[in-house]
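Chains as they are written, first to last, in the numbering used here: chain W, 3 to 376; chain Z, 3 to 376; chain G, 3 to 376; chain H, 3 to 376.
4 protein chains.
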Amino acid sequence: MDSVGVGLIGTGYMGKCHAIAYAAVATVFGFSPRPRLELLCDIGAEQAAAKAAEFGFARWTDDWRRLISDPAVDVVSITTPNALHPAMAIAAARSGKHVYCEKPLALTLEEAEDMAAVVKESGVKSLVGYNYTKNPAVSHAKRLVEQGAIGRLLHFRGCFDEDYLADPAVPFSWRMQKAKAGSGALGDMASHLINMAQHLCGPISAVAADLTIMHDQRPLEGTMGSTGRVENDDTVSALVRFHAGFSGSLASSRIAWGRKSRFAWELHGSAGMIAFDQERMNELQLYQAEGPKAEQGFKTILSGPAHPPYGNFIPAPGHSLGFNDIKTIEVAHLLRGLAGAERLHPNFTDALDTERVMHAILRSNEEKQWVSLD
Amino acid sequence: MDSVGVGLIGTGYMGKCHAIAYAAVATVFGFSPRPRLELLCDIGAEQAAAKAAEFGFARWTDDWRRLISDPAVDVVSITTPNALHPAMAIAAARSGKHVYCEKPLALTLEEAEDMAAVVKESGVKSLVGYNYTKNPAVSHAKRLVEQGAIGRLLHFRGCFDEDYLADPAVPFSWRMQKAKAGSGALGDMASHLINMAQHLCGPISAVAADLTIMHDQRPLEGTMGSTGRVENDDTVSALVRFHAGFSGSLASSRIAWGRKSRFAWELHGSAGMIAFDQERMNELQLYQAEGPKAEQGFKTILSGPAHPPYGNFIPAPGHSLGFNDIKTIEVAHLLRGLAGAERLHPNFTDALDTERVMHAILRSNEEKQWVSLD
Amino acid sequence: MDSVGVGLIGTGYMGKCHAIAYAAVATVFGFSPRPRLELLCDIGAEQAAAKAAEFGFARWTDDWRRLISDPAVDVVSITTPNALHPAMAIAAARSGKHVYCEKPLALTLEEAEDMAAVVKESGVKSLVGYNYTKNPAVSHAKRLVEQGAIGRLLHFRGCFDEDYLADPAVPFSWRMQKAKAGSGALGDMASHLINMAQHLCGPISAVAADLTIMHDQRPLEGTMGSTGRVENDDTVSALVRFHAGFSGSLASSRIAWGRKSRFAWELHGSAGMIAFDQERMNELQLYQAEGPKAEQGFKTILSGPAHPPYGNFIPAPGHSLGFNDIKTIEVAHLLRGLAGAERLHPNFTDALDTERVMHAILRSNEEKQWVSLD
Amino acid sequence: MDSVGVGLIGTGYMGKCHAIAYAAVATVFGFSPRPRLELLCDIGAEQAAAKAAEFGFARWTDDWRRLISDPAVDVVSITTPNALHPAMAIAAARSGKHVYCEKPLALTLEEAEDMAAVVKESGVKSLVGYNYTKNPAVSHAKRLVEQGAIGRLLHFRGCFDEDYLADPAVPFSWRMQKAKAGSGALGDMASHLINMAQHLCGPISAVAADLTIMHDQRPLEGTMGSTGRVENDDTVSALVRFHAGFSGSLASSRIAWGRKSRFAWELHGSAGMIAFDQERMNELQLYQAEGPKAEQGFKTILSGPAHPPYGNFIPAPGHSLGFNDIKTIEVAHLLRGLAGAERLHPNFTDALDTERVMHAILRSNEEKQWVSLD
């Protein structure tokens with residue numbers, strides 16, 4: 003397998019992010035299979051044609067069903083709004099295409115279960131874009147945990163805060179509607195947090211959650227003072243229990259002024275602690291309870307070649323990877339996975355565990371009680 | 003009122019802390035009433051005599067009942083283990099002495115209620131040592147909230163972590179026994195966090211909590227491998243609702259390796275955010291959503307004379323107050339309060355609100371459900 | 003002009019860096035001219051062929067003279083060791099090719115002057131890879147200075163420290179030889195610092211410098227204990243005067259344990275300060291002496307779409323650009339410059355000013371006195 | 003020796019700082035000799051009487067000559083403007099009093115030499131208030147250097163910046179006059195920096211310096227637009243060489259907006275680095291080149307009982323000492339030194355080395371050349 007034919011659906015935030023990663027991956031990693039940018043799909047012929055030229059795709063279409071049945075396409079990148087994921091992913095899988103889908107999988111748990119089932123029965127491979135776990139600093143954190151560097155895990159804390167809806171004047175949109183967007187901060191950000199917690203700490207067994215809508219009316223654009231009712235969560239807070247027998251807490255807000263990508267978490271262990279903040283994504287904080295007390299402290303470890311695959315990007319430490327570089331690592335993983343060299347993770351079945359926690363959080367909030375995931 | 007006669011019970015961690023504050027307060031603040039260090043009480047005559055000399059007290063006793071009935075004593079500093087607070091505070095109040103008591107008030111809610119009731123009916127004044135709210139940086143945070151600098155409050159987050167029991171080899175002691183110490187991280191640290199949340203956000207209306215004991219057996223000193231069973235919480239996590247209609251979350255751990263005094267909290271507002279971490283107690287983080295986007299960011303405000311009463315300690319900004327200085331501010335507040343110049347806060351009635359939340363957290367943990375405080 | 007034919011000489015650290023930027027630039031910026039990766043040159047046919055495949059170049063050669071005379075090549079990227087820059091750049095310019103050369107220009111000032119002269123008389127365009135000035139955070143700093151956000155400039159401080167030679171066991175190599183590498187920390191890192199100082203503060207008029215070699219013998223690889231004599235600077239420190247009438251200081255070390263890319267500088271102004279550290283390359287520190295004293299402090303501004311061209315990479319703020327992204331911005335600038343849309347900066351003539359300061363620093367160190375640049 | 007009779011001259015910034023330290027020292031350290039606050043001297047009887055009451059001194063005077071000849075006074079604290087130090091210190095020493103003098107010693111080197119000579123021949127003890135070296139974090143840094151924790155010293159960097167004269171509207175005063183204040187930033191702040199460099203790195207052998215006056219006219223208070231000419235340095239920058247054979251650089255500014263007490267320095271060693279910033283005076287940064295590369299990083303060590311005498315203030319780590327606490331440590335050292343238990347450091351002879359470097363810096367600036375201290 004020398005190359006992989008890529009079809010990309012969507013050219014927005016994450017669509018462009020996929021395109022940049024596809025453009026860079028072979029130069030950065032220097033391996034086969036290389037991506038062949040076959041077909042790009044966007045809404046409207048003009049837009050699709052323009053984006054195909056910009057992103058270096060050979061052909062374009064404005065009909066996603068043509069894309070998923072195109073014989074030159076081996077894998078489909080799905081970067082459309084969440085509500086569209088299920089139909090596209092299921093059709094692609096049934097058409098024998100591998101699927102690389104942005105998170106979360108779907109608006110309802112049933113749809114997510116369908117997606118996982120269809121991918122399984124179709125025998126195609128799948129990957130879900132929980133990119134933050136691919137950061138070399140985070141991979142090193144996981145390695146440290148596995149090596150026992152902080153002993154037995156005892157507690158987890160995490161938040162994921164941004165301020166993109168902090169301004170009450172941001173107009174009403176589909177993002178605030180349950181039918182179109184599903185949950186709010188939960189699906190958009192806390193999903194990453196749950197996924198990270200599972201990645202680092204293993205399965206979650208129970209949750210107790212509290213969601214709020216603090217800006218419940220937002221201006222309708224093009225009107226004189228009319229407003230739309232916000233239907234999904236501005237903030238989500240949750241207590242969690244892990245199968246391994248310890249507790250944790252999660253919190254996420256989309257109205258947290260000043261936070262731009264504050265995806266920060268702490269792993270408390272019996273022999274140390276690891277802490278991380280995505281706003282300083284090239285730094286890992288490590289405390290190990292060893293050596294003289296007078297010299298104990300949190301180490302700030304700057305990412306470098308000692309944290310693979312950082313060295314594929316830059317041979318010198320401390321020179322900083324960026325957000326898009328992490329997506330390039332994810333795409334390299336995708337290509338190696340399609341070539342059979344690595345097990346793709348998280349695939350749709352793995353990601354379903356994250357969706358289950360998300361929906362347990364919604365239920366816990368409605369019922370105002372603990373919800374078990376067993 | 004030129005001076006106030008002080009009686010101090012206890013000379014451990016907090017006892018010495020009170021003594022340092024009494025020693026420094028007149029020089030720092032230069033006002034009347036000045037403290038007259040009349041009588042010190044500790045266990046054992048030798049120890050009491052030695053500490054009285056060191057701390058500059060005129061006389062000593064090893065019988066706290068003599069101290070609270072000493073005619074020269076106007077106010078009693080109670081810095082003994084928590085289980086002893088109720089008897090001492092109640093006796094002191096009944097003896098007509100003002101009471102300055104360390105937190106938390108008591109092991110049970112009933113005792114705390116008694117303390118508040120007796121103080122009220124005795125007509126004496128009271129102050130509880132929730133010192134962290136007296137930090138000029140924190141006082142400024144509160145002022146900023148009141149001035150609307152971050153708009154309407156929308157969310158609260160806070161943690162208070164230390165690692166004094168992080169090492170599983172720390173031997174078993176009375177601190178881990180419910181009958182002697184009450185709760186663990188909850189009473190010791192989360193009580194400060196709850197008090198701070200109330201101070202900044204107003205009353206708490208409901209809680210859902212989860213407590214864990216992660217090191218449930220600890221070595222019994224002087225034995226060959228015997229252990230004692232830890233009965234109170236190593237970690238506490240809680241979801242909270244405030245009367246004002248917004249949510250928050252609290253977390254505290256006494257087994258958090260690397261954290262030495264990580265009392266960190268965030269106030270999310272509709273127009274900005276304030277964040278603080280006690281480990282950098284001279285820094286306040288302020289984000290205000292104003293001015294050009296390209297110049298928005300969290301400001302690190304170093305404490306200085308613009309944040310009273312910092313200037314009483316040092317006329318130059320950025321020169322750092324210390325933990326003991328905050329206690330000196332608390333003692334200055336006590337003295338001014340006893341002179342009638344200020345309303346003492348938090349008094350026993352105020353502090354009872356904090357105890358109520360603590361006990362609601364315990365109940366919520368036992369019943370695994372939300373507990374209302376209304 | 004739809005596209006630009008690119009010839010790349012060298013495939014090491016900076017060669018790969020250029021290649022990644024060429025691969026990504028069109029997708030990120032979506033404009034013409036696009037780069038056409040025509041010809042790659044490396045030492046040895048096998049290596050050249052392999053790298054051409056990895057980096058996506060159409061053809062390869064192991065003879066750089068063929069590359070600079072290839073008719074399909076419009077611009078030559080020179081990323082070879084510094085000693086080779088002059089011959090290649092001069093030959094390329096004489097062959098009518100635009101030149102994109104890594105810094106510093108040359109080992110001697112005479113060679114650098116020749117390079118600038120030949121480029122000028124050949125009428126080709128040139129760009130020197132002082133990439134750090136292309137960081138959106140740095141561009142914003144410059145914009146802030148120009149807008150008067152910190153008033154009149156009064157002082158400059160800067161350092162550039164790394165630890166790649168901090169270990170005395172790092173073996174002797176051509177890097178430590180004057181004839182092959184020229185200066186040490188000065189050419190490698192301080193050159194960036196000087197360039198940045200000039201970029202932000204204008205021309206430098208005088209210097210007083212002090213260089214040291216602290217590890218003066220290093221092991222010769224393949225020998226039993228023989229060592230080679232280090233001939234160039236481990237550390238460089240300099241006092242500088244700017245034409246604009248203020249002072250500053252510069253320092254750089256290649257033996258600074260723990261520093262990985264500590265390129266940190268401060269601009270002191272009459273109304274504020276700007277500070278930056280490349281190890282946190284997405285953060286700009288801004289202090290403005292305005293508003294209430296109690297709310298003054300350094301703002302940490304996270305890079306975002308408000309700092310162009312950040313938004314071409316990611317539409318959300320605080321998501322972090324990486325080191326390679328900055329090179330992509332430099333390459334976008336190169337392509338726009340070749341298309342006549344922007345004035346390339348720093349070209350060889352601009353960069354010559356930086357070389358002049360470097361050589362004045364060397365002379366000042368030898369003569370142990372101030373050296374004027376006027 | 004049970005107690006020491008204290009006479010304090012001056013009640014301004016540093017005078018109050020001494021008073022607070024005298025008030026607290028016995029309670030904090032619990033040892034003899036205790037200070038007896040005998041006599042306070044200030045300008046004007048009313049002011050002197052008021053301050054004596056506030057600071058707890060038994061008696062007051064407005065004539066410093068009476069203070070230095072008072073039989074109950076054993077040690078004289080001199081906290082007056084620098085120009086007055088020599089006459090007072092010399093008279094006190096000749097009167098048989100120990101002298102505790104604020105830094106710098108004097109305006110001229112000749113006066114400083116006289117002071118040291120008279121103290122020596124009088125047989126009294128002396129201490130100069132270079133308080134920053136008494137910080138437990140700094141003491142630990144020195145201990146680490148002595149233990150070889152960062153190997154052989156290779157380089158030093160330091161700055162001391164504040165912004166108390168950053169506003170050009172700050173009116174003209176005696177502080178800006180050579181005859182009354184001597185140098186500017188050099189004497190006020192860089193003196194601390196030089197002293198710290200000597201403390202940590204040993205003697206300085208040569209300097210090359212550059213001073214600037216950036217706000218050369220300041221408004222005369224009480225006039226309509228008249229200004230006074232500033233005569234001493236707003237900024238000082240210097241290259242230094244240490245006897246031990248390595249280099250360093252120093253910089254200080256009193257017009258550095260945003261810096262409140264930015265006394266930051268770095269010790270570069272052959273096996274690691276130590277860095278410190280007084281604005282975060284409870285944190286020591288330590289990098290040691292040992293263990294796996296993937297886990298190397300700067301450790302942030304929070305001050306605690308492992309760093310004596312921190313534990314005398316607070317038994318728990320990470321709870322923060324303040325600026326005044328460091329002065330209390332200095333006063334404890336003074337008292338122990340007077341009792342013969344410790345060698346006082348820096349005494350006038352030690353401090354003379356710091357003055358010599360200061361005056362070499364002034365000469366280097368005037369002559370624009372290196373000045374040797376040998």
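Glycine included, each C-beta is placed from N, C-alpha and C at the ideal position.
Predicted model only: the values in this text are computed from it and were never measured.
Do you know how far the Cα of residue j is from the Cα of residue i?
i: T29/G; j: I331/G; result: 12 Å
i: Q287/G; j: L354/H; result: 38 Å
i: I22/Z; j: P37/H; result: 15 Å
i: H142/W; j: D236/Z; result: 28 Å
i: L69/H; j: P106/H; result: 22 Å
i: S79/G; j: A89/G; result: 13 Å
i: S374/W; j: L346/W; result: 28 Å
i: A318/Z; j: C19/H; result: 12 Å
i: I303/W; j: P73/H; result: 60 Å
i: V232/H; j: G189/H; result: 15 Å
Got a sec, what are the start and stop residues for the alpha helix (DSSP H) residue i sits in?
i: I92/H; result: H87 to R96
i: W66/G; result: W66 to I70
Under 7 Å Cβ-Cβ, which residues of chain H neighbour residue i?
i: S374/G; result: Those within 7 Å of S374/G in chain H number zero; the least Cβ separation is about 11 Å.
i: M216/G; result: L156 and F248
i: M283/Z; result: S322
Determine the chain Z residues that contact residue i at a beta-carbon separation under 8 Å, and present them in chain order.
i: I303/G; result: A296, E297, Q298 and G299
i: L378/G; result: Examination of residue 378/G is not possible in this model, given that chain G is present from 3 through 376 alone.
If I follow the unbroken beta strand (DSSP E) through residue i, where does it start and stop?
i: K301/Z; result: F300 to L304
i: E115/G; result: Here E115/G belongs to no beta strand (DSSP E); instead the alpha helix (DSSP H) covers L111 to S124.
i: P37/W; result: R36 to C43
i: L188/H; result: No beta strand (DSSP E) holds L188/H; DSSP gives it neither H nor E.
Show which residues of chain W have a CB atom less than 8 Å away from the CB atom of residue i.
i: R159/Z; result: C161 and A253
Could you name the residues of chain Z that residue i contacts, counting a contact when the two beta carbons are closer than 7 Å?
i: T237/W; result: H157 and S249
i: A21/H; result: T29
List the residues of chain Z whose Cβ lies closer than 9 Å to the Cβ of residue i, in chain order.
i: A308/G; result: P294, K295, A296, E297 and Q298
### Message
Which residues of the stretch 134–154 of chain H have a Cβ closer than 7 Å to any Cβ of chain W? Give them in chain order.
### Response
Cβ contacts with chain W: H142.
### Query
Counting pairs of Cβ atoms below 8 Å between the stretch 278–286 of chain W and the stretch 248–257 of chain Z, do you hit three or more?
Contact between the stretch 278–286 of chain W and the stretch 248–257 of chain Z is absent, because fewer than three Cβ pairs lie under 8 Å.
### Query
Do three or more CB pairs link the stretch 209–219 of chain W to the stretch 117–130 of chain W at distances below 8 Å?
No: fewer than three Cβ pairs fall under 8 Å.
### Query
What residues from the stretch 167–189 of chain H come within 8 Å of chain G, judged by C-beta to C-beta, listed N to C?
Within the stretch 167–189 of chain H, the qualifying residues are A168, D169 and P170.
### Query
Hey, is the stretch 189–197 of chain G in contact with the stretch 348–367 of chain G, meaning 3+ C-beta pairs nearer than 8 Å?
Contact between the stretch 189–197 of chain G and the stretch 348–367 of chain G is present, because at least three Cβ pairs lie under 8 Å.
### Query
What residues in the stretch 29–48 of chain G have a beta carbon less than 7 Å from any beta carbon of chain W?
So the close ones are T29, V30 and G32.
### Query
Do three or more CB pairs link the stretch 304–318 of chain G to the stretch 80–100 of chain G at distances below 8 Å?
Not touching, per the Cβ criterion.
### Contact between the stretch 264–278 of chain H and the stretch 256–272 of chain G (3+ Cβ pairs under 8 Å)
Contact holds: three or more Cβ-Cβ distances are below 8 Å.
### Message
Beta carbons nearer than 9 Å to chain W: which residues of the stretch 262–282 of chain G have them?
### Response
Contact residues of the stretch 262–282 of chain G toward chain W are K262, S263, R264, Q280, E281 and R282 (C-beta to C-beta distance below 9 Å).
#### Entry: the stretch 315–340 of chain G: positions lying closer than 8 Å to chain W by Cβ
Per Cβ criterion, the list reads F315, I316, P317, A318, P319, G320, H321, S322, L323, G324, F325, N326 and D327.
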